[in-house]
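Numbering (the numbering used here), first residue to last: 114 to 771.
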């Protein structure tokens with residue numbers, strides 16, 4: 114999951130992509146479109162063998178570029194995408210405005226320059242970036258050229274190649290502007306966005322972390338916007354942040370972005386100083402952090418005047434503290450120390466040499482005196498850090514730094530693009546823990562489809578958005594003790610092992626980390642009702658021979674092969690083949706879909722129906738046989754009955770089945 118140091122509420126514009134063009138702009142755009150027609154149709158010549166088909170494509174392309182008018186609302190998405198990336202690369206604050214309807218106009222003091230900048234970069238994206246000619250080409254290929262030369266399948270094939278280019282760009286540390294081509298939309302309703310990270314799940318699914326100017330993030334909204342991808346074919350299935358009823362995404366391509374120098378002085382206002390209704394304070398912003406300004410004198414010392422303060426319309430003043438984004442350089446106005454922020458934590462830069470290494474004096478933002486004390490504490494969980502002169506990479510979890518021992522482990526944490534640099538010696542103050550070998554969202558503890566099916570509130574909120582489910586798991590689900598996979602249930606884990614309950618209490622993140630890095634690989638501890646790794650290895654001679662005490666590999670076998678393809682039993686109390694064999698309705702419903710059958714037992718069969726999934730335990734029999742348990746758990750306390758059997762009943766020599 115490589116993610117670059119981009120944050121939409123800092124590095125993307127606050128205002129929406131909603132504009133009206135003047136007549137000079139519409140005339141210029143018409144000329145650009147006419148030139149793009151020839152380029153687009155020419156690109157089809159090697160693909161389309163029929164001259165009549167090419168002639169029809171030329172006619173369709175000329176019709177497609179009609180409809181430009183000053184009275185029609187247009188998008189400047191390419192300009193907003195290119196301009197925001199220009200500022201990010203220059204380490205210069207973006208003049209992002211203050212709210213969704215705060216578009217700059219030519220009547221504003223700085224609005225004219227910003228409006229011209231966005232328009233100019235739109236032209237660059239369309240012409241030099243080839244966004245318009247390629248959009249026309251792909252639209253013609255989709256809508257005018259039949260299979261096998263065109264259609265959705267042809268766009269899908271091209272998109273797979275562009276997906277590789279996107280990932281390569283991110284891996285090289287460079288955000289990637291892309292053009293989106295939708296079905297059912299005219300050429301002027303297609304779109305451009307910026308990709309700054311990606312997920313490749315390796316099973317035909319993926320996602321891109323994006324800045325989409327049609328869905329701007331307001332101050333403090335640190336969540337990612339994502340494009341979810343189903344790349345299994347024969348055509349693309351995807352969901353984008355600004356989807357609407359008119360069409361679905363059929364393909365995407367990388368545009369030919371090039372950086373340009375920024376207009377001087379523009380970043381000194383238009384979103385740097387903010388105010389909220391009902392809050393008497395004025396605030397300075399820098400790299401996504403908000404700091405109160407004491408008075409007009411302080412405002413002036415920071416380079417602002419009262420007219421620079423822009424109101425945030427339609428939002429209340431935030432009640433939580435948002436830390437600076439990664440790679441931020443901040444200094445209090447009257448103090449000398451300069452701090453680099455990574456994972457939200459401050460690292461002091463000791464001298465000018467270090468300042469130059471991390472962006473130079475021009476990247477340092479002055480903030481009000483006494484405000485940096487709000488941004489203290491260890492780096493956020495899952496931050497990857499490396500000291501400038503050292504090769505070792507560390508993963509932060511629960512306030513500890515954990516050495517990432519090999520490239521494979523690093524890849525699971527996001528790879529080199531996600532590693533943040535700090536000065537030499539800066540990590541010594543962070544306690545060192547055991548080596549980091551797995552992520553808190555690794556397949557061993559998190560499966561997005563299972564997570565969404567297990568929790569109805571999340572399915573209602575996110576549908577089948579796997580990226581949103583993962584984000585919820587990392588930000589909220591872990592802390593709430595939610596279950597993330599068939600193989601691991603953190604609450605079960607703590608209840609099963611008293612030493613862990615005493616050590617971690619309700620620190621679910623630490624308990625998950627223990628299982629991934631110690632309890633599973635070194636001790637073979639059981640992680641859920643449904644999976645007991647020691648049972649799994651010992652039950653099957655081929656697995657004993659293959660894995661021995663390599664419990665992590667044994668679990669991977671269960672996830673990838675043993676359960677889905679072979680229907681092997683994961684625990685003595687839960688055998689999915691036995692479950693299907695006992696109940697004809699389940700056999701009819703699921704056949705050999707062992708994952709679906711096991712999920713039925715987890716979600717319905719055990720808790721609501723008290724069904725048995727093995728010869729050694731029947732929850733209805735167990736409750737019926739022991740009145741004390743029936744009194745404690747109720748006649749339908751089937752899940753509690755199984756837990757009692759596992760935690761106590763076996764040791765008490767109670768009978769689990771007839």
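Beta carbons are placed, not taken as given, at the ideal position from N, Cα and C, and that holds for glycine.
- With a minimum length of 4 residues, the unbroken runs of alpha helix (DSSP H) contained wholly in the region 499-575 fall at 520-525, 561-567, 569-575.
- Residue 479 is bridged by DSSP to 444.
- Taken in chain order, the complete alpha helix (DSSP H) segments of 4 or more residues contained in the region 115-169 are 121-124, 136-157.
- About 39 Å separates the CB atoms of residue 231 and residue 260; that is not less than 8 Å, and the two are not in contact.
- Proximity to residue 348 across 267, 652, 640 peaks at 267, based on C-alpha coordinates.
- Three or more Cβ pairs closer than 8 Å define a contact, and the region 477-495 meets that threshold against the region 437-449.
- The C-alpha of residue 643 is placed about 6 Å away from the C-alpha of residue 683.
- Taking all protein chains in view, the Cβ of residue 580 is crowded by 16 or more other Cβ atoms within 10 Å, so the residue is classified as buried.
- Burial check for residue 216: the Cβ neighbour count within 10 Å reaches 16 or more, so the residue is buried.
- Rounded to whole angstroms, residue 433 and residue 330 show a C-alpha spacing of 16 Å.
- In the three-state scheme derived from DSSP, where H, G and I count as helix and E and B as strand, residue 226 is classed as helix.
- DSSP places residue 361 in the coil class of the three-state scheme, outside both helix and strand.
- In this structure, the alpha-carbon of residue 204 lies about 23 Å from that of residue 328.
- Secondary-structure assignment with DSSP links residue 193 through no beta bridge to anything.
- In the DSSP assignment, the residues bridged to residue 389 are 425.
- The beta carbon of residue 377 sits closer than 8 Å to no other beta carbon from its chain once the five residues preceding and following it are set aside.
- Following the DSSP letters along the chain, one finds residue 413 inside the alpha helix (DSSP H) bounded by residues 409-414.
- Distance from the CA of residue 341 to the CA of residue 402, rounded to the nearest whole angstrom, comes to 29 Å.
- For a cut-off of 8 Å, the C-beta gap from residue 515 to residue 508 is around 5 Å, short enough to register as a contact.
- Taken through DSSP and simplified to helix, strand or coil, residue 497 comes out as strand.
- By the neighbour-count criterion, in which 16 or more other beta carbons inside 10 Å mark a residue as buried, residue 602 falls on the buried side.
- The Cβ-Cβ distance between residue 338 and residue 391 does not fall below 8 Å.
- A residue is called buried when at least 16 other Cβ atoms come within 10 angstroms of its Cβ; residue 281 does not meet this threshold and is exposed.
- Around the Cβ of residue 707, a 10 Å sphere holds 16 or more other Cβ atoms; the residue is buried.
- At a Cβ-Cβ threshold of 8 Å, residue 365 and residue 250 do not count as neighbours.
- Under a 10 Å Cβ-count criterion, residue 740 is classified as exposed, with fewer than 16 other Cβ atoms of the shown protein chains found around its own Cβ.
- Burial check for residue 556: the Cβ neighbour count within 10 Å reaches 16 or more, so the residue is buried.
- According to DSSP, residue 404 shares a beta bridge with 397.
- Take the alpha-carbon of residue 734 and the one of residue 771: they are about 7 Å apart.
- The region 709-726 and the region 685-692 touch, with three or more beta-carbon pairs separated by less than 8 Å.
- In terms of CA proximity to residue 552, 626 leads the group 222, 626, 619, 532.
- Residue 398 and residue 116 have their C-alpha atoms roughly 23 Å apart.
- Taking C-beta atoms under 8 Å as the contact rule, residue 296 and residue 405 fail to qualify, at a distance of about 49 Å.
- Cβ neighbours of residue 437 within its own chain (closer than 8 Å, five residues either side excluded): 399, 400, 401, 402, 443, 454, 457, 488.
- Under the Cβ criterion (8 Å, minimum of three pairs), the region 458-466 does not count as touching the region 413-431.
- Separation of residue 660 and residue 278 (C-alpha to C-alpha, rounded to the nearest whole angstrom) is 37 Å.
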